[in-house]
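A.B. asks: Residue numbers (the working numbering), protein chains in the order written: chain A, 518 to 789; chain B, 3 to 300. The beta carbon of each residue, even a glycine, is placed where N, CA and C say it ideally should be. Source: prediction; values computed, not measured.
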Amino acid sequence: MIKLLKIELRKILPYKMFWVMCGIYLLCLVFFSYGLPSLIDYFSMKSETPEIKLLMKFLYNFPDIWQNLAWAASLRFFIKIFLGIIMIVLVTNEYSYLTIRHNIFNGLSRTDFTLSKIYLAILFSIGATLLIFLTGTVLGLIYSSTISFQAFFAKMIFLFGYFVETLTFLLFSMMIGILVKRTGFAIGLLFVYPIIELIVQQKIAESIQPFLPLNAMNHILRTPNTSLIQFKSPEFNVDLQTGLQGQDILVALLYAVLFIGISLWVIRKRDL
Amino acid sequence: MKDIVLSIQGLTKRYGSITAVNHLDLEIERGAVFGILGPNGSGKTTTLGVLLDVTRPDAGTFSWFGKPPEKAQRKRIGAILEVPLFYPYLSGKQNLQMVAKIKDLPGDDVDQALKDVDLYDRRDSRFRTYSLGMKQRLAVASTLIGQPEVLILDEPTNGLDPRGIAEIRNIILDVASRGVTILLASHILDEVQKTCTHMAVLEKGKKLFSGPVDEVLNDARWVELAADNMANLQLALKQVDFVENIQEEGEKYIIKLKSSITQAELNSFFFNKGIVLTHLALRKKSLEKYFLELLDKS
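#1: Indicate whether at least one CB of chain A lies closer than 9 Å to the CB of residue 158 of chain B.
#2: Using a Cβ-Cβ cutoff of less than 6 Å, which residues in the same chain neighbour residue 159 of chain B once the five nearest sequence positions on both sides are dropped?
#3: Tell me which residues share the same chain as residue 194 of chain B and place their Cβ nearer than 6 Å to its Cβ, disregarding the 5 neighbours each side in the sequence.
#4: At the level of alpha carbons, what is the spacing between residue 299 of chain B and residue 211 of chain B?
#5: Looking only at its chain, what residues have a beta carbon closer than 7 Å to the beta carbon of residue 291 of chain B, apart from the 5 residues adjacent to it on each side?
#6: Identify whether residue 128 of chain B lies in helix, strand or coil by the three-state DSSP scheme.
#7: Given that residue 780 of chain A touches chain B, what residues does it touch there, using C-beta distances under 8 Å?
#8: Once the 5 residues before and after residue 783 of chain A are set aside, which same chain residues still bring their CB inside 7 Å of it?
#9: If you reduce the DSSP assignment to three classes, tell me which class residue 34 of chain B lands in.
#10: For residue 34 of chain B, decide whether its Cβ has a neighbour in chain A, counting only Cβ atoms nearer than 9 Å.
#11: Ends of the alpha helix (DSSP H) at residue 151 of chain B?
#12: Short of 7 Å in beta carbon distance, which residues of its chain neighbour residue 630 of chain A, apart from the five on each side in sequence? Order them along the chain.
#13: Sorted by chain position, which residues of the same chain lie with C-beta nearer than 6 Å to residue 240 of chain B's C-beta, five sequence neighbours on each side aside?
#14: Counting only C-beta atoms, is residue 695 of chain A closer than 9 Å to chain B at any point?
#15: If the cut-off is 7 Å on Cβ atoms, which residues from the region 47-71 of chain B count as contacting chain A, listed in chain order?
#16: Exposed or buried, which one is residue 554 of chain A when buried takes at least 16 other CB atoms within 10 Å?
#17: Taking just the CA atoms, how far does residue 155 of chain B sit from residue 65 of chain B?
#18: Please look up how many angstroms separate the CB atoms of residue 680 of chain A and residue 724 of chain A, rounded, as I've assumed it's under 8 Å.
#19: Which one of B:131, B:276, B:71 has the shortest CA to CA distance from residue 91 of chain B?
#20: So with Cβ pairs under 9 Å, would you call residue 581 of chain A a contact of chain D?
#21: Should residue 701 of chain A be flagged as near chain B, meaning a C-beta pair shorter than 9 Å?
#22: Would the beta-carbon of residue 2 of chain B fall within 9 Å of that of residue 33 of chain B?
#23: Measuring CA to CA, which of B:259, B:19, B:265, B:88 is closest to residue 142 of chain B?
#24: Verify the CB distance criterion: does residue 755 of chain A have a CB-CB separation below 9 Å to chain B?
#25: At least one CB of chain A closer than 9 Å to the CB of residue 201 of chain B: is that the case?
#26: Say whether chain A places a C-beta atom closer than 9 Å to the C-beta of residue 85 of chain B.
#27: Beta-carbon within less than 7 Å of residue 652 of chain A's beta-carbon, same chain only, minus the 5 sequence neighbours each way: which residues are those?
#28: Listing by chain order, which chain A residues have their CB less than 7 Å from the CB of residue 101 of chain B?
#29: Taking only beta carbons into account, state which residues of the region 524-537 of chain A come closer than 7 Å to chain B, listed in chain order.
#30: Check whether the region 8-18 of chain B and the region 701-710 of chain A are in contact - that is, three or more C-beta pairs closer than 8 Å.
#31: Quick one: does residue 214 of chain B have its CB under 9 Å from some CB of chain A?
#32: Taking the straight line between their C-alpha atoms, what separation do you get for residue 777 of chain A and residue 13 of chain B?
#33: Using DSSP's beta-bridge definition, name the partner residues of residue 204 of chain B.
#34: If you draw a straight line from the C-alpha of residue 720 of chain A to the C-alpha of residue 47 of chain B, how long is it?
#35: Give the interface partners of residue 150 of chain B over in chain A, defined as CB-CB distance under 7 Å, in chain order.
#36: Rounded to the nearest angstrom, how far is the Cβ of residue 580 of chain A from that of residue 672 of chain A, given a contact under 8 Å?
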């Protein structure tokens, strides 16, 4: 495992495109977690409405901040798609440069090759989770009204939920990359797939709708029942989440296994 | 006992309705420089792809070093398949270090490999910036890492200028002299003739011939003749019964003999007829001629 990860790092650390994409992701994260709330606050201050509620005053309160950030970062059609694109590019590069052949005939097995991409997905998920942790820590320490040991660690379980959701999504992106092989088409599919799933959703029984891949992933972190939703509409009775559910995690992990299985099967079977 | 490095039985690969490789059997002994010869599309690259686990066969088996073809065996092989395959954004050196890493090697011979192919000065330039010839040389360098027991070279001189071709040929011969088994696919007959000890000819995925190159080339029945008086020579040739075929080529006659006859016998025969030969040479049959003959027959 260490050997395969080392090989992967040799491929990506000197790769400028990788750092550019990571940089874009980081900018997006900073903008949506800090920049956007600041802007909204700025304008609501200016508008001088009598009942202004400043976002900054409660978005970043420990311990809700973990849930708020994890939820925002894992929204479909949102910034996490950048993580998916990075994953896809790193997989499809191997096909467009034909280096997948080079890796195999120099002495990786086809399983090794797939495993190395899976390890990469795990590594990125850990990295993305750490990034949310750091963002939360910094913003919380600056803006949280309560700063205590207890408040800091409570609800941190949502970071684990974020990790599972990101990992499943990255493995999904990896599978798309392996199936489609072409960078452009694969990224296109990553954007189009959520729409396809929405269409499929209309045609199937309501009881199985939550089990469609993206629905299942997104169900781990739902609209938070925290200060954030209270700001939106205290009286709305929407799907409020107070904690993680074991079943959601399980379903997502089953999907992760399925994506890995399909990827392994395709790589073993196909001419490279 | 023969030390068989590679053994192939009944290898078949289809692409839709096209059979790219058709029940191929082949055995390669240790130390051989084995040429796989065939026109474009004859199944050479497909065969090598299967041997390197890049292509999945539809039928047949093969073994490397008497063992089933697994990654451990591939680590003992250095290979070029069709085009140089490297990460364009990595330097030549970084790319070779990656190869060493995949093969579980320390990579301490990367610099030497770069020197061998005359790329040491450009080792830190990105692969993307290399010329076609440099890319091809880097591919050759990657096959030298870790002193492999077998080299697989698919059209290694593709796209090189004459000097590059000569350089690659010298590297191949040098490596071969160290006892490394070499499997060389080419559609360039000259390349096979100049480097190989054994060869197989493929056409439409079928093996037309395999054997030592000498067996093909040392066909002593073609002789070049010239004399002061060419008219007399021609007259004499028409009368003798051991000549099967006469061709005129410039200032010489090329004759095909019915049975083997030594140069001395030929010389004294014409001398007795009063013809003084100014030129007498056995002609090695060119591989090209042999190749075309084989293709015609098939």
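C.D. replies: To lay it out plainly:
#1: Walking along the second sequence from the start, residue 158 of chain B turns up at place 156. Closer than 9 Å: no.
#2: Taking the second sequence and counting its residues from 1, one reaches residue 159 of chain B at position 157. Result list for residue 159 of chain B: 167, 170, in chain order.
#3: As a working note, residue 194 of chain B is residue 192 in the second sequence. Within the same chain, residue 194 of chain B has close Cβ partners 37, 39, 188, 201.
#4: As a working mapping, residue 299 of chain B is identified with position 297 in the second sequence. As a working mapping, residue 211 of chain B is identified with position 209 in the second sequence. Straight-line Cα distance between these residues: approximately 12 Å.
#5: In the second sequence, counting from the first residue as 1, residue 291 of chain B sits at position 289. Cβ neighbours of residue 291 of chain B beyond the five flanking positions: none.
#6: In the second sequence, residue 128 of chain B corresponds to position 126, counting from 1. Residue state, collapsed to three classes: strand.
#7: For the purposes of this step, residue 780 of chain A is identified with residue 263 of the first sequence, where counting begins at 1. What residue 780 of chain A touches in chain B: nothing, since even the nearest Cβ is about 16 Å away.
#8: Position 266 of the first sequence, counting from 1, holds the residue named residue 783 of chain A. Excluding positions up to five away in sequence, the list reads 695, 696.
#9: Along the second sequence, read from residue 1 onward, the residue named residue 34 of chain B stands at position 32. Reduced to three states, the DSSP call for residue 34 of chain B is coil.
#10: Along the second sequence, one-based indexing puts residue 34 of chain B at 32. Taking Cβ atoms only, chain A never reaches closer than 9 Å to residue 34 of chain B, which makes this a no.
#11: One-based indexing of the second sequence puts residue 151 of chain B at position 149. No alpha helix (DSSP H) contains residue 151 of chain B, which DSSP labels as neither H nor E.
#12: Residue 630 of chain A sits at position 113 when you count from the first residue of the first sequence. Answer for residue 630 of chain A: 617, 620, 621, 784, listed in chain order.
#13: In the second sequence, counting from the first residue as 1, residue 240 of chain B sits at position 238. Excluding the 5 residues flanking it on each side, residue 240 of chain B has no same chain C-beta neighbour closer than 6 Å.
#14: Position 178 of the first sequence, counting from 1, holds the residue named residue 695 of chain A. So no, residue 695 of chain A is outside the interface.
#15: 54, 55, 56, 57, 58
#16: As a first step, residue 554 of chain A must be located in the first sequence, where it is residue number 37. With 16 or more other Cβ atoms within 10 Å, it is buried.
#17: Within the second sequence, the letter at position 63 stands for residue 65 of chain B. Within the second sequence, the letter at position 153 stands for residue 155 of chain B. Spanning the two alpha carbons is a distance of roughly 18 Å.
#18: Translated into positions along the first sequence, residue 680 of chain A becomes position 163. Translated into positions along the first sequence, residue 724 of chain A becomes position 207. That pair is no contact at about 28 Å.
#19: Along the second sequence, one-based indexing puts residue 91 of chain B at 89. Taking only the C-alpha atoms, the option nearest residue 91 of chain B is B:131.
#20: Any reference to chain D falls outside this structure, whose protein chains are A and B.
#21: For the purposes of this step, residue 701 of chain A is taken as the residue at position 184 of the first sequence. It does not; no Cβ of chain B falls within 9 Å.
#22: Here chain B has residues from 3 to 300 only, and residue 2 of chain B is not among them.
#23: For the purposes of this step, residue 142 of chain B is taken as residue 140 along the second sequence, with counting starting at 1. Taking only the C-alpha atoms, the option nearest residue 142 of chain B is B:88.
#24: Within the first sequence, residue 755 of chain A is the residue found at index 238, counting from 1. Below a pLDDT of 50, predicted positions are generally treated as unreliable, and residue 755 of chain A, at 45, falls in that range; no measurement from the model is reported.
#25: Here residue 201 of chain B refers to the residue found at position 199 when the second sequence is read from its first residue. With 9 Å as the cut-off, residue 201 of chain B does not count as an interface residue toward chain A.
#26: In the second sequence, residue 85 of chain B corresponds to position 83, counting from 1. True, the Cβ-Cβ gap to chain A drops below 9 Å.
#27: As a first step, residue 652 of chain A is located in the first sequence; it is residue number 135 there, counting from the start. Around residue 652 of chain A: 546, 550, 586.
#28: Numbered from its first residue, the second sequence carries residue 101 of chain B at position 99. What residue 101 of chain B touches in chain A: 623.
#29: For the region 524-537 of chain A, which is checked against every Cβ of chain B, the residues closer than 7 Å are 524, 527, 528, 531, 532, 533.
#30: no
#31: Here the question's residue 214 of chain B lines up with position 212 in the second sequence. So, not an interface residue.
#32: Position 260 of the first sequence, counted from the first residue, corresponds to residue 777 of chain A. Position 11 of the second sequence, counted from the first residue, corresponds to residue 13 of chain B. The straight-line gap separating the alpha-carbon atoms of residue 777 of chain A and residue 13 of chain B is approximately 31 Å.
#33: Start at 1 with the first residue of the second sequence, and residue 204 of chain B comes out as number 202. In DSSP, residue 204 of chain B forms a bridge with B:209.
#34: Taking the first sequence and counting its residues from 1, one reaches residue 720 of chain A at position 203. Taking the second sequence and counting its residues from 1, one reaches residue 47 of chain B at position 45. Answer to the nearest angstrom: the Cα atoms are 48 Å apart.
#35: Against the second sequence, residue 150 of chain B aligns to sequence position 148. Neighbours of residue 150 of chain B in chain A, taken as residues at a C-beta separation under 7 Å, are lacking, since the least C-beta distance is about 10 Å.
#36: For the purposes of this step, residue 580 of chain A is taken as the residue at position 63 of the first sequence. For the purposes of this step, residue 672 of chain A is taken as the residue at position 155 of the first sequence. 4 Å between Cβ atoms; contact.
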